[in-house]
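Novice:
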Amino acid sequence: MQIDRQPGSPNRLEAPLKSRIYAFMLDYLIIVIYGIFVVGTIFFMFRPFVTPLFSNSPVIAELSGFIMITLPVSLYFILFECSGWKGTWGKKKMGILVVNNNNQRIGPVRSTIRTAIKFLPWEIAHFCIWRFMLPSGLSEPTVITILVAVNFAIVLYLLVPLTNKPRKNVYDWIAGTKVVQ
């Protein structure tokens, strides 16, 4: 039997977990380069303006970090995964695509849900880190409990693809997406 791998085909093969991991590593390279650019440019050139954002309030520090790092990284995933590419640069290099359960391109809402769920543990970890570094109304045991939950979520994200044949992750199940070849 010949498998039709055209867009929208109901017979597209799920992407191997190895390809997904390599794709994320390639995308993470872009994230690291962007992070170096932000730290190198914004923090060194505009230090007098930026330092107060990360020195007084954990809420302002987290919001500033979100705007400078998390939001642009999230937009990278959101926009590329709902584009005609159907995936980020890393996915394109690995020959894999993000599609809906009908093997069609996902829209911006589904892409946003997928990305938000994917990076939720990352953002919650930032929430906790800023509560450790700057005074806040949360007790240390509360912050530690939240971090333990974040680590549990990360382990879940790592294990879930190993437990199902299509290798879907938590965010794929919630967003109604899958990664295919």
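Going by the numbering used here, the sequence shown opens with residue 2, and the numbers climb by one from there.
All C-beta atoms in this analysis are idealised placements derived from N, C-alpha and C, irrespective of residue type, glycine included.
Under DSSP, the beta strand (DSSP E) around V51 begins and ends at which residues?
Specialist: In the sequence shown, counting from the first residue as 1, residue 51 sits at position 50. From DSSP, V51 is part of no beta strand (DSSP E) but of the alpha helix (DSSP H) over R48 to V51.
Novice: Say whether the segment 10-21 touches the segment 101-113, bearing in mind that this needs 3 or more beta-carbon pairs closer than 8 Å, one atom from each stretch.
Specialist: A contact exists between the segment 10-21 and the segment 101-113.
Novice: Are the Cβ atoms of V180 and V74 separated by less than 8 Å?
Specialist: Reading the sequence shown from its first residue, position 179 is the one you call residue 180. Reading the sequence shown from its first residue, position 73 is the one you call residue 74. Not a contact, by the Cβ cut-off of 8 Å.
Novice: Would you kindly report the start and end of the unbroken alpha helix (DSSP H) that includes L72?
Specialist: Working through the sequence shown from its first residue, we reach residue 72 at position 71. L72 -> alpha helix (DSSP H) spans L72 to E82.
Novice: Using only the alpha-carbon positions, how far apart do I175 and S112 sit?
Specialist: Within the sequence shown, numbered from 1, the residue matching residue 175 stands at position 174. Within the sequence shown, numbered from 1, the residue matching residue 112 stands at position 111. Answer to the nearest angstrom: the Cα atoms are 11 Å apart.
Novice: Run through the DSSP bridge pairs and tell me what R106 is partnered with.
Specialist: Within the sequence shown, residue 106 is the residue found at index 105, counting from 1. Answer by DSSP bridge pairing, in chain order: V100.
Novice: Between L30 and the rest of its own chain, which residues show a CB-CB distance below 6 Å, the 5 nearest in sequence each way excluded?
Specialist: Your numbering for residue 30 matches position 29 in the sequence shown. Counting only Cβ-Cβ distances below 6 Å, and skipping sequence neighbours, we find nothing.
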